[in-house]
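Novice: Okay, here's the structure, questions in a sec.
In my numbering, the protein residues as written are 5 to 445.
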């Protein structure tokens, strides 16, 4: 049988187990199930197997379907990174600062890895079109491929026509197969029983196994199984539709959408340079005035110098989220300049615009440093909490994005791909750090 046909069949056979695993492990798992504590008494550092197991199963099914239905089966190097991120974000869900955020990140990485592995990103690679790419995966590909779970069963009807047999092949007997399997199972039980009668350790091992199996079977509730089975049906159509539809795509639709987005963005570039300079200059000047008035107060977190009469807790919190909000606003200002500001034929901004954007992003970096100093002061006094370490990650990510923006503007080369990779890797790192801090606290 053709190797591709085998992979196609395996992919569709595993589609429903994948969906049932999603329903069982992610939607109806009680806290504490599938969890171990590797800390061995040194605090609590529980790791759940449910999320990484599902991630690995998802990757396996995607590879089977992709290799069975795509002519170019070679896996892009970038896909390895997103497969790893899918697994790691799932792994960190149980000990990171936010389980919900990690599970959400795992979903994003899983869908994005399907698109990357099939080379159908709108920009050809990880780019500023990442939001459109994810919409394409989560919505367009998955729902458009909903019928594929039914349609693709035709692979079981394929027969080899490349070999003409001299004599008709003997007809296979299903009864004989069933009888053989039953015979082997009975003989296996007899063999195990004989070994157990000789060796006490073997007897104890199988006694524990069957005792645990008996307890598990006695606790199974049929209504729960039926409910999960029913819920898993639409999940199966959705997940397999995403994978199958993507593996059959040649990327032509994505190229048309990318071209359309470029035209839409180009039509908005009608704002005169003077207006862009004035708008950006207002923000830059406003922040400079703010620094002159408040920077001495804000920088007190670096040396722990709290103004007299001010509580440390109040000082550390005072203005932190506002600073992070200002950084986010500055990124939106930059995006507005990109979308509506005039550029030359090569997409480059004039020197005044580059200077103003550079100053704006430099001010954002200063805001990030000030925010981190306040967070560090608060952390040094009150210790670890998941919210604080998430706030640290968010501030660090926005600061890095500001730095990448400076490079993008002055080198006229997009660095958003580096920002996306940094965001993914730094999140996993912050989750690991959170787990370590949780285990020693």
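Glycine residues also receive a C-beta, built at the ideal position from the N, C-alpha and C atoms.
Quick check on this structure: which residue in 151, 58, 281 has the alpha carbon closest to the alpha carbon of residue 26?
Specialist: Nearest C-alpha to residue 26: 58.
Novice: Is the segment 277-284 touching the segment 143-155, taking contact as three or more C-beta pairs under 8 Å?
Specialist: Touching, no.
Novice: Which same chain residues, not among the five before or five after residue 401, have their C-beta less than 6 Å away from its C-beta?
Specialist: So the list reads 427, once near-sequence residues are dropped.
Novice: Do residue 341 and residue 134 have their beta-carbon atoms positioned less than 8 Å apart in this structure?
Specialist: No. Outside cutoff.
Novice: Quick check on DSSP: helix, strand or coil for residue 123?
Specialist: Coil at residue 123, not helix or strand.
Novice: How many angstroms separate the CA atom of residue 291 from the CA atom of residue 442?
Specialist: Rounded to the nearest angstrom, the two C-alpha atoms are 38 Å apart.
Novice: Report the partner residues of residue 345 according to the DSSP bridge assignment.
Specialist: Answer is 275, bridged to residue 345.
Novice: Do the CB positions of residue 115 and residue 83 come within less than 8 Å of each other?
Specialist: Going by C-beta atoms, residue 115 is not nearer than 8 Å to residue 83.
Novice: What do you reckon, are the CB atoms on residue 149 and residue 263 nearer than 8 Å?
Specialist: Result no, Cβ atoms of residue 149 and residue 263 do not sit closer than 8 Å.
Novice: So what does DSSP say about residue 150, is it helix, strand or coil?
Specialist: The answer is coil: DSSP assigns residue 150 none of H, G, I, E or B.
Novice: Just the Cα atoms here: how many angstroms apart are residue 433 and residue 60?
Specialist: Spanning the two alpha carbons is a distance of roughly 20 Å.
Novice: Here's the rule: buried if 16 or more other CB atoms are within 10 angstroms of the residue's CB, otherwise exposed. What is residue 11?
Specialist: It counts as buried.
Novice: Which residue marks the beginning of the alpha helix (DSSP H) containing residue 94, and which one marks its end?
Specialist: Counting along the chain, the alpha helix (DSSP H) containing residue 94 begins and ends at 81-95.
Novice: Which residues mark the beginning and the end of the alpha helix (DSSP H) in which residue 378 is found?
Specialist: Counting along the chain, the alpha helix (DSSP H) containing residue 378 begins and ends at 355-386.
Novice: Is the beta carbon of residue 73 less than 8 Å from the beta carbon of residue 256?
Specialist: Result no, Cβ atoms of residue 73 and residue 256 do not sit closer than 8 Å.
Novice: Can you list, in chain order, the residues of its chain with a C-beta nearer than 6 Å to that of residue 145? Leave out the 5 residues immediately preceding and following it.
Specialist: Within the same chain, residue 145 has close Cβ partners 246, 249, 250.
Novice: I think residue 87 touches residue 131, with their Cβ atoms under 8 Å apart; what is that distance to the nearest whole Å?
Specialist: Between residue 131 and residue 87 the Cβ distance is about 19 Å, and since that is not below 8 Å, they are no contact.
Novice: Please work out which residues of its chain come closer than 7 Å, Cβ to Cβ, to residue 394, disregarding the five sequence neighbours upstream and downstream, and give them in chain order.
Specialist: So the qualifying residues of the chain are 101, 102.
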